[in-house]
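Novice: Before I ask anything, let me first share the structure, which is written out below as structure tokens.
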Amino acid sequence: MRPVAAVLCSLTFAIASAQAADERATTLAQDAVIVDTHIDAPGILLDKWADLGEAAPDREFDYPRARQGGLDVAFMSIYTSAKQDDDDSARQVANTMIDGVEALVERHPDKFALLRSPKDVDRLRADGHVLLALGMENGAPIGDDLSQLQRFHDRGVRYITLAHSAANRIADSSYAIERKWHGLSPFGKRVVAEMNRLGIMVDVSHVSDEAARDAIALSSVPVIASHSAFRHFTPGFERNISDELAKAVAAKGGVVQIPFGIPFVNPQGAADTQAHFRAINDFNHRNAELKAAGKPLESEDAFEEAWTKAHPAPATKIDAVLDQIDYAVKLIGVDHVGIGSDFDGVSGELPEGLRTVADFPNLVAGLQARGHSDADIRKILGGNLLRAWSQIEAAAKQ
Ligand SMILES: [Zn+2]
Numbered sequence: 000m001r002p003v004a005a006v007l008c009s010l011t012f013a014i015a016s017a018q019a020a021d022e023r024a025t026t027l028a029q030d031a032v033i034v035d036t037h038i039d040a041p042g043i044l045l046d047k048w049a050d051l052g053e054a055a056p057d058r059e060f061d062y063p064r065a066r067q068g069g070l071d072v073a074f075m076s077i078y079t080s081a082k083q084d085d086d087d088s089a090r091q092v093a094n095t096m097i098d099g100v101e102a103l104v105e106r107h108p109d110k111f112a113l114l115r116s117p118k119d120v121d122r123l124r125a126d127g128h129v130l131l132a133l134g135m136e137n138g139a140p141i142g143d144d145l146s147q148l149q150r151f152h153d154r155g156v157r158y159i160t161l162a163h164s165a166a167n168r169i170a171d172s173s174y175a176i177e178r179k180w181h182g183l184s185p186f187g188k189r190v191v192a193e194m195n196r197l198g199i200m201v202d203v204s205h206v207s208d209e210a211a212r213d214a215i216a217l218s219s220v221p222v223i224a225s226h227s228a229f230r231h232f233t234p235g236f237e238r239n240i241s242d243e244l245a246k247a248v249a250a251k252g253g254v255v256q257i258p259f260g261i262p263f264v265n266p267q268g269a270a271d272t273q274a275h276f277r278a279i280n281d282f283n284h285r286n287a288e289l290k291a292a293g294k295p296l297e298s299e300d301a302f303e304e305a306w307t308k309a310h311p312a313p314a315t316k317i318d319a320v321l322d323q324i325d326y327a328v329k330l331i332g333v334d335h336v337g338i339g340s341d342f343d344g345v346s347g348e349l350p351e352g353l354r355t356v357a358d359f360p361n362l363v364a365g366l367q368a369r370g371h372s373d374a375d376i377r378k379i380l381g382g383n384l385l386r387a388w389s390q391i392e393a394a395a396k397q
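Residues in the sequence shown are numbered consecutively from 0, following numbering that gives the first Met the number 0.
Put into structure tokens, the structure is as follows:
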């Protein structure tokens with residue numbers, strides 16, 4: 000997820016249609032259980048509402064295109080920013096976003112269902128439902144209150160990305176220069192233990208290497224990276240996972256979910272992303288100082304507009320994503336690789352042929368063309384994530 004202004008000013012780029020994948024790929028995409036662990040639809044709903052049960056052409060996720068692409072389980076990202084952490088609005092925003100997802104299901108009970116357990120996937124998807132699961136991006140809404148984990152679990156949250164673009168009370172972020180905790184904070188360690196107890200998946204995407212290492216070591220069950228590409232392709236970009244940490248995730252039985260966004264899979268895109276988050280953190284600090292001094296604030300929209308203009312997304316083909324998957328399979332094994340697109344979270348900066356949830360058949364066709372067996376493709380599309388989730392759920396002690 001990127002700051003909201005960037006999302007809004009680039010929505011026009013998100014209008015795309017599925018390209019024609021061959022019949023074999025389309026059949027497999029429809030038949031396999033596809034689990035996408037990161038779709039940022041709820042954040043955009045708060046800023047620019049649309050009914051995602053109907054065609055919503057300025058979005059990358061809606062019901063008709065999810066069905067067209069064969070998507071079964073869409074983790075809706077309950078994203079809050081470092082800024083909302085600072086101004087204490089993160090918990091309010093997170094709950095409002097969850098309300099929005101619930102409203103969508105209530106408005107279209109024939110199209111959507113909330114998914115709280117991997118056990119319910121087969122039953123609920125049988126009659127054409129697209130299943131909405133909840134993943135919280137940034138542990139900020141927990142605040143310093145461990146009991147919030149139970150509350151958000153009760154509301155359906157099934158993974159938490161421990162931090163986002165800046166250090167929070169739980170962990171350090173990969174984007175920030177500042178390393179407040181050098182890993183997990185003492186509170187963050189209790190958060191991981193409580194997440195294990197409740198059966199909430201620990202997500203190490205976005206956090207610093209030190210924090211990921213701590214979380215993987217501390218967790219008693221597999222951990223996931225909900226949307227992390229491989230740093231191998233983007234040297235120095237800590238937001239993407241290192242080979243060492245990916246192996247540690249796999250050794251524990253977890254899954255690395257590959258995102259599609261140009262900011263992660265293209266080296267130039269990654270460099271721009273890193274610079275952008277550091278710039279926005281600086282921008283926020285500047286505005287906080289201006290506010291404290293009683294002076295007028297700088298415009299965030301103007302900042303984002305200027306940034307986007309100066310850093311156009313480099314043209315990227317679907318092969319960049321296929322290369323990531325091939326590399327991951329070779330490095331950590333086909334049982335530990337999945338997908339977490341980041342649709343609706345990268346301002347439309349997506350590779351050719353992978354622009355919306357209608358495009359999963361293109362990914363399948365690409366994997367088939369590269370020699371992956373249909374059985375392996377089923378694992379990558381969702382089988383692996385459901386296995387890890389089931390294991391985490393089974394170990395919960397509620
Ligand atoms: Zn993200």
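Even glycine gets a Cβ: it sits at the ideal position worked out from N, Cα and C.
Span of the alpha helix (DSSP H) holding Q404?
Specialist: Not covered by the structure: residue 404. The range shown for the chain is 0 to 397.
Novice: DSSP puts R224 in a beta bridge; with which residues?
Specialist: This sequence places Ala at residue 224; Arg is not what is there. Paired residue(s): V255.
Novice: Using the C-alpha atoms, what's the distance from A20 back to G68?
Specialist: Those two C-alpha atoms are separated by around 10 Å.
Novice: Tell me whether R157 sits in a helix, a strand or coil according to DSSP, three-state version.
Specialist: strand
Novice: With DSSP collapsed to three states, give me the class of T272.
Specialist: helix
Novice: Quick check: the Cα distance between D273 and E237, rounded to an integer number of angstroms?
Specialist: As written in the sequence, residue 273 is Gln, which differs from the Asp given in the question. It is roughly 9 Å from the alpha-carbon of Q273 to the alpha-carbon of E237.
Novice: Under three-state DSSP, which class holds T36?
Specialist: T36: strand per DSSP, three-state reduction.
Novice: To which residues does DSSP link G337 through a beta bridge?
Specialist: Q256
Novice: Could you pull out every residue in the same chain whose Cβ sits closer than 8 Å to the Cβ of S389, ignoring the five residues on either side in sequence?
Specialist: P117 and K118
Novice: Express the C-alpha separation of E209 and E53 in angstroms, rounding to a whole number.
Specialist: Taking the straight line from one Cα to the other gives about 43 Å.
Novice: Beta-carbon within less than 8 Å of F111's beta-carbon, same chain only, minus the 5 sequence neighbours each way: which residues are those?
Specialist: G52, Y62, L103, V104, H128, V129, L130 and L131
Novice: Can you tell which of V72, A40 and V220 has the C-alpha that lies nearest to the C-alpha of D57?
Specialist: If we check each option's Cα against that of D57, A40 comes out closest.
Novice: Pick helix, strand or coil for F229, following the three-state DSSP scheme.
Specialist: Reduced to three states, the DSSP call for F229 is strand.
Novice: In this structure, how does DSSP classify A292 when only helix, strand and coil are distinguished?
Specialist: coil
Novice: Going by the beta-carbon positions, is the gap between P221 and V190 smaller than 9 Å?
Specialist: no
Novice: Checking 9 Å against the spacing of the C-beta atoms, do S225 and Q267 come in under that value?
Specialist: No. Outside cutoff.
Novice: Cβ-heavy atom distance between S76 and ligand 1 below 8 Å?
Specialist: yes
Novice: According to DSSP, is E351 helix, strand or coil?
Specialist: strand
Novice: Consult DSSP for L384 and reduce its assignment to one of helix, strand or coil.
Specialist: helix
Novice: Since Y78 is in the beta strand (DSSP E), which residue starts that stretch and which ends it?
Specialist: L70 to Y78
Novice: Between which two residues does the alpha helix (DSSP H) harbouring G138 extend?
Specialist: It is not in any alpha helix (DSSP H) - G138 carries neither H nor E in the DSSP assignment.
Novice: Report the residue from V120, V264, F342 and W48 whose alpha carbon sits nearest the alpha carbon of A357.
Specialist: F342
Novice: Using only CA atoms, which one of F232, H335 and A192 lies nearest to S218?
Specialist: Of the residues F232, H335 and A192, the one whose Cα lies closest to the Cα of S218 is A192.
Novice: In the DSSP assignment, find the beta strand (DSSP E) that holds V201 and state where it starts and stops.
Specialist: Here the beta strand (DSSP E) through V201 covers M200 to D202.
Novice: What would DSSP say about K316, mapped onto helix, strand or coil?
Specialist: strand
Novice: For A5, count neighbouring C-beta atoms within 10 Å of its own C-beta (all shown protein chains included) and say buried if the count is 16 or more, exposed if not.
Specialist: Bear in mind that a pLDDT of 43 at A5, under 50, signals an unreliable position, so the number given afterwards is only what the model happens to contain. It is buried - the Cβ of A5 has at least 16 other Cβ atoms within 10 Å.
Novice: Given that a residue counts as buried once 16 or more other Cβ atoms are within 10 Å of its Cβ, and exposed if not, what is A170?
Specialist: buried
Novice: Using only CA atoms, which one of E243, E136 and L362 lies nearest to K316?
Specialist: L362
Novice: Rounded to whole angstroms, how far is the Cβ of W306 from the Cβ of H275, which I believe are closer than 8 Å?
Specialist: 6 Å
Novice: Does the beta carbon of G344 fall short of 8 Å from some heavy atom of ligand 1?
Specialist: yes
Novice: At the level of alpha carbons, what is the spacing between G138 and N94?
Specialist: Cα to Cα, G138 sits roughly 13 Å from N94.
Novice: I believe A270 touches A165 by the beta-carbon criterion, under 8 Å. Please report the beta-carbon distance rounded to the nearest angstrom.
Specialist: No, A270 and A165 are not in contact; Cβ-Cβ is about 19 Å, not under 8 Å.
Novice: Closer than 8 Å: is that where the CB of T25 sits relative to any heavy atom of ligand 1?
Specialist: no
Novice: Shorter than 8 Å, the distance from the beta carbon of S204 to the closest heavy atom of ligand 1, or not?
Specialist: yes
Novice: I'd like to confirm something about E136: is its beta-carbon nearer than 8 Å to some heavy atom of ligand 1, or not?
Specialist: yes
Novice: Could you tell me which of A211, Y326, A319 and K308 sits nearest to F259, measuring between CA atoms?
Specialist: A319
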